[in-house]
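K.L.:
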Ligand code: COA
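Numbering (this note's numbering), first residue to last: 243 to 500.
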């Protein structure tokens, strides 16, 4: 396996690290394919409950699609970010919680990839941006659709139309990121989020994530009237029993996740 993507598993947590720091972790076709394989592996492994996505080096989380790649080459079969963004190919949705650790540049497709996470922990060096229009590029345009949904309307539009960047503190102010920490504390802060996530029932998390994301754009009445298959399946899982038993016994639950 190429060393441009580092994949590590610790207990129930998968750590995925873009490892092209010399190219500011820009996403090329190979990285997209490696990522796609990893998202599939994470999704298929019942023992992995949480995923963490990071970029190597201190300059960038990810500077977007590789604009240095051979423009005449065949388009990649895999969508940007291994399909997590759904740009340029089929959308791959991760049912498990995803934490992104963002330092330095998160631009274009890199910004988009960060926005695919459920939790974003930002270093104080983080800079989010859509530089596309500045370079006269407007490709698959997926990133603009997420930006307008995850940021206040005019903040997103000003970024989309000017290419100006959003720094970590303003990103926090607008609720784009969950936390801003000094750059040397990014990993530690990420681990604190992992601990919080790991304390919760992984099956309940997945069922809740599915329900909320699949009906986020619908009227409340539609969302409330929807029957969610993962929630119904969860009702007969061993973790429901364990949660009640732990409460009665005044102890922390020991989740099975199956
Ligand atoms: N694709 C391919 N390579 C990239 C890249 C990208 N998106 N972003 C940065 N790199 C490469 C640079 O080419 C350079 O490689 P080199 O040393 O082999 O020449 C290396 O990463 C470091 O980047 P550099 O431009 O030297 O750093 P900088 O501090 O001067 O500028 C940026 C940083 C992020 C402002 C600048 O690299 C940039 O504008 N990158 C493009 C970002 C972009 O448009 N992303 C959206 C793509 S649609």
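All C-beta atoms in this analysis are idealised placements derived from N, C-alpha and C, irrespective of residue type, glycine included.
What you are looking at is a predicted structure, and each value in this text was computed from that prediction instead of being measured.
Keeping to the same chain, check which residues put their C-beta closer than 6 Å to that of residue 342; ignore five residues upstream and five downstream.
P.N.:
The residues are 295, 356, 359 and 362.
K.L.:
Check whether the region 300-313 and the region 392-407 touch, using three or more Cβ-Cβ pairs below 8 Å as the test.
P.N.:
no
K.L.:
Measuring alpha carbon to alpha carbon, tell me which of 274, 257, 260 and 496 ends up nearest residue 330.
P.N.:
274
K.L.:
Quick check: the Cα distance between residue 338 and residue 378, rounded to an integer number of angstroms?
P.N.:
36 Å
K.L.:
For residue 294, write down the residues that DSSP places opposite it in a beta bridge.
P.N.:
257 and 341
K.L.:
Examine ligand 1 and report whether any of its heavy atoms sits within less than 7 Å of the Cβ of residue 354.
P.N.:
no
K.L.:
Determine, using beta carbons only, whether residue 346 and residue 307 come nearer to each other than 8 Å.
P.N.:
In this structure, residue 346 sits away from residue 307, with a CB-CB distance that is not shorter than 8 Å.
K.L.:
For residue 387, verify whether its CB is less than 7 Å away from any heavy atom of ligand 1.
P.N.:
no
K.L.:
Give a yes or no on whether the C-beta atoms belonging to residue 270 and residue 311 are separated by under 8 Å.
P.N.:
yes
K.L.:
Suppose you measure from the CA of residue 407 to the CA of residue 393; what does that come to, to the nearest Å?
P.N.:
13 Å
K.L.:
Hey, out of 277, 366, 450 and 344, whose CA is closest to residue 475's CA?
P.N.:
The shortest C-alpha separation from residue 475 is found at 450.
K.L.:
Exposed or buried, which one is residue 411 when buried takes at least 16 other CB atoms within 10 Å?
P.N.:
Burial call: exposed.
K.L.:
Can you grab the Cα-Cα spacing for the pair residue 418 / residue 496, in whole Å?
P.N.:
32 Å
K.L.:
What do you reckon, is the C-beta of residue 408 under 7 Å from a heavy atom of ligand 1?
P.N.:
no
K.L.:
Can you check whether the CB of residue 368 is closer than 8 Å to the CB of residue 348?
P.N.:
yes
K.L.:
Counting C-beta neighbours from all protein chains within 10 Å, is the total for residue 490 16 or more, i.e. buried, or is it exposed?
P.N.:
exposed
K.L.:
Could you tell me the distance, in whole angstroms, from the CA atom of residue 267 to the CA atom of residue 248?
P.N.:
The C-alpha of residue 248 is placed about 12 Å away from the C-alpha of residue 267.
K.L.:
Since I believe residue 485 is in contact with residue 291 (beta carbons under 8 Å), could you give me their beta-carbon distance rounded to a whole number of angstroms?
P.N.:
Actually they are not in contact, since the Cβ atoms of residue 291 and residue 485 sit about 15 Å apart, beyond 8 Å.
K.L.:
Quick check: what's the CA-CA separation for residue 433 versus residue 443?
P.N.:
17 Å
K.L.:
Can you give the Cα-Cα distance for residue 445 and residue 473, rounded to whole angstroms?
P.N.:
9 Å
K.L.:
Identify every run of the alpha helix (DSSP H) within the region 380-435, keeping only runs that are complete inside it and at least 4 residues long; order them along the chain.
P.N.:
384-392, 395-404 and 410-415
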